[in-house]
Amino acid sequence: MQFFIYNSITRRKELFKPIHKGKVSMYTCGPTVYDFSHIGNFRTFIFQDLLKRWLIHLGYNVKHIMNITDVDDKTIKKSMQSNLSLKTITENYTSEFMNDIMWLKINPADNYPKATDHIEDMIKMIETLIFNKMAYVGGDGSVYFDISSYKNYGKLSNIIIKQSTKRNFRRLQDEYQVNDPQDFALWKKRKLSDGNIFWNSPWGQGRPGWHIECSAMSIKLLGTHFDIHCGGVDNIFPHHENEIAQSVGSTGEKFVNYWIHSEHLMVDGSKMSKSKSNFYTLNDLKEKGFCPQSIRFQLLSGHYRTKITFSLKKKHESDKIINRISNFYFDLKRFGADKMQGHHLPEAYESFKSCLNNDLDTPGALAVFLKWMKEANKNIDSDLREKWNFMKVFDSVFKFIKQEPEKIETKVKGLLNDREKARDRKDWKKADQLRAKILEHGWIIEDTKDGQKLKKNA
Ligand code: AMP
Ligand code: ZN
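Written out as structure tokens, the structure is:
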């Protein structure tokens, strides 16, 4: 069975064929670390996680690089406004990001290169582009890419360059209006508003433009030509269009074989984004009682190329499904399915696989799985090993199974009972002694209006 995936640059589903047999090189645009990432960002990162996990399941050895944008317009602005150094801001939010991806069970990348560690590579690339007559120093001292020098400019985003809009309309911002092609900054001359944030270069003090960061880091770590480059659809233009122009312009080689983009997570009909303040961070969702599996379910139950809306109202429904799947998994374990031999899989696995092989059809694959699970649950103790094998495959791709609740030892249960009785007869001294005994066994008691609750002592 072969894996087909939609390639944004050819605008069709294509058979996936890696450059080197059995290996996949993959670059995903990472976070801009000036604030917490929101779950819109995580829709994109969780989609990329699913893609990577599916490639691993298909037997590929995946080399995955995700960059950290730790210098750009937004990070500098935040540093200047908060009076904290760029490093203090970006290191703090990088570490928050790392905690978030661990919590969401995202398979970590092999490397998270930081833009500020690769300024030399960016300068070299800009020098090559100037040498190749594809870039020039503008009247303001910044260096620009001349989009008319690259004949395929616009191929990814389907944008047409009008001669009249060239050069005169170039701006310094990293992001600009959709459908507004223009020469873009590779190196930005130092401005007053940059404070002390600058690097020396052949063009004087300044800093790199955002787009050159990803070209330099991806080529450095994956080579001039690699398999997959991902991002959200908002990255297509101008970011990825510009990455192609700079990369091909400086190496003379094809840059990326498959451009894969996921659609936006929406709120009330518009894109979830920091600038619109219509977002949830993971901390917001943790406070509302969300578990990582339930968030993953909501973000993966829609197809990656359709817009989806995240909803607090759907929490109950997604929690229910996650619990059902987790309970089935632990029931199989209780029946000893994990101790049995054999690699066979049920027939439903073939349908599940063909859904994911068809442009990562996650809603289709989930429907197949849930239908199978419902049937398989009816006589759970038959064909245990094949059920277990499918569950393991399923969880290696979706990561929906919750951790097994910790078992309370019989001895602790007895002590808990004694304490309940002591409390009933208002023997507070005894109740306190029993609390201390229970703590010795590693459990903390909370007395709530619904009775005693146990929590593992961390
Ligand atoms: P940023 O931290 O802004 O550089 O964004 C990191 C990633 O999140 C990029 O790949 C964006 O395309 C993606 N992204 C931003 N907003 C959304 C959204 N509302 N839905 C899905 N992906 C998003
Ligand atoms: Zn990027």
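Just add 1417 to wherever you are in the sequence shown, counting from 1, and you've got the numbering used here.
In this text, a Cβ means the ideal position worked out from N, Cα and C, and glycines have one as well.
Please read these numbers as outputs of a predicted model, since none were measured by experiment.
Exercise for the section: Report buried or exposed for Met-1808, applying the criterion of at least 16 other Cβ atoms within 10 angstroms of its Cβ. Expected result: Buried, since its Cβ has 16 or more Cβ neighbours within 10 Å.
Exercise for the section: Give every residue of the same chain whose Cβ lies closer than 6 Å to the Cβ of Thr-1511, excluding the five residues on either side of it in the sequence, and list them in chain order. Expected result: Answer for Thr-1511: Val-1450 and Ile-1485, listed in chain order.
Exercise for the section: Could you tell me whether any non-hydrogen atom of the ligand ZN is closer than 7 Å to the CB of Cys-1631? Expected result: Flag set: Cβ of Cys-1631 near the ligand ZN.
Problem - Cutoff 6 Å; reference Trp-1789; Cβ partners in own chain excluding five residues on either side - result: Ala-1765
Problem - Backbone secondary structure at Gln-1869 - three-state DSSP - result: strand
Practice task
Pick helix, strand or coil for Ser-1581, following the three-state DSSP scheme.
Solution key: Caution is warranted here: a pLDDT of 47 is assigned to Ser-1581, below 50, making its placement in the model unreliable, and no coordinate value can be reported.
Exercise for the section: Please say whether Ile-1456 and Ala-1892 have beta carbons closer to each other than 8 Å? Expected result: Given a span of 1418 to 1875 for the chain in the structure shown, any question on residue 1892 remains unanswerable.
Handout entry: beta strand (DSSP E) segments (min. 3 residues) lying fully within the region 1811-1874
Key = With a minimum length of 3 residues, the continuous beta strand (DSSP E) runs that stay inside the region 1811-1874 are 1860-1865 and 1868-1873.
Practice task
Determine the direct distance from the alpha carbon of Ile-1629 to that of Ser-1635, and round the result to whole angstroms.
Solution key: 10 Å
Practice task
May I ask you to report which of helix, strand or coil DSSP gives Leu-1699?
Solution key: helix
Practice task
Note the first and the last residue of the continuous alpha helix (DSSP H) segment covering Met-1519.
Solution key: 1503-1520
Handout entry: Buried/exposed call for Ser-1442, threshold 16 Cβ in 10 Å
Key = buried
Practice task
Just the C-alpha distance for Phe-1745 and Ile-1797, rounded to the nearest angstrom, thanks.
Solution key: If you take the alpha carbons of Phe-1745 and Ile-1797, they lie about 9 Å apart.
Handout entry: Closer than 8 Å to chain C by CB, Ile-1482
Key = Among the chains of the structure shown, chain C does not appear; only one protein chain is present.
Exercise for the section: With distances taken Cα to Cα, identify the nearest neighbour of Thr-1641 among Cys-1631, Lys-1671 and Gly-1648. Expected result: Lys-1671
Problem - Helix, strand or coil at Leu-1397 [DSSP, three-state] - result: Beyond the ends of the chain as shown, which are 1418 and 1875, falls residue 1397; an answer cannot be given.
Handout entry: Among Phe-1707, Pro-1619, Ala-1552 and Lys-1750, nearest to Asp-1736 - alpha-carbon criterion
Key = Phe-1707
Handout entry: Cys-1708: CB within 7 Å of a non-hydrogen atom of the ligand ZN
Key = no
Handout entry: Thr-1779 beta carbon near the ligand AMP (any heavy atom closer than 7 Å)
Key = no
Exercise for the section: Work out the CA separation of Glu-1826 and Asp-1849 for me, nearest whole Å. Expected result: Each residue's alpha carbon lies about 20 Å from the other.
Practice task
Please confirm whether any heavy atom of the ligand ZN lies closer than 7 Å to the CB of Cys-1647.
Solution key: no
Problem - Beta-carbon contacts of Ile-1506 that lie in its chain and below 8 Å, excluding the five residues immediately before and after - result: Result list for Ile-1506: Val-1450, Tyr-1451, Thr-1492, Lys-1495, Ser-1496 and Ser-1499, in chain order.
Practice task
Kindly examine the ligand ZN and report whether one of its heavy atoms sits closer than 7 Å to the Cβ of His-1858.
Solution key: no
Exercise for the section: Report, in whole angstroms, the separation of the C-beta atoms of Pro-1598 and Ile-1564, which I expect to be a contact under 8 Å. Expected result: 6 Å
Exercise for the section: Take Lys-1605 as the anchor and find which of Ile-1543, Phe-1817, Val-1829 and Leu-1682 has the nearest alpha-carbon. Expected result: Ile-1543
Practice task
Report the rounded CA-to-CA distance for Leu-1801 versus Leu-1773, giving the unit in angstroms.
Solution key: 24 Å
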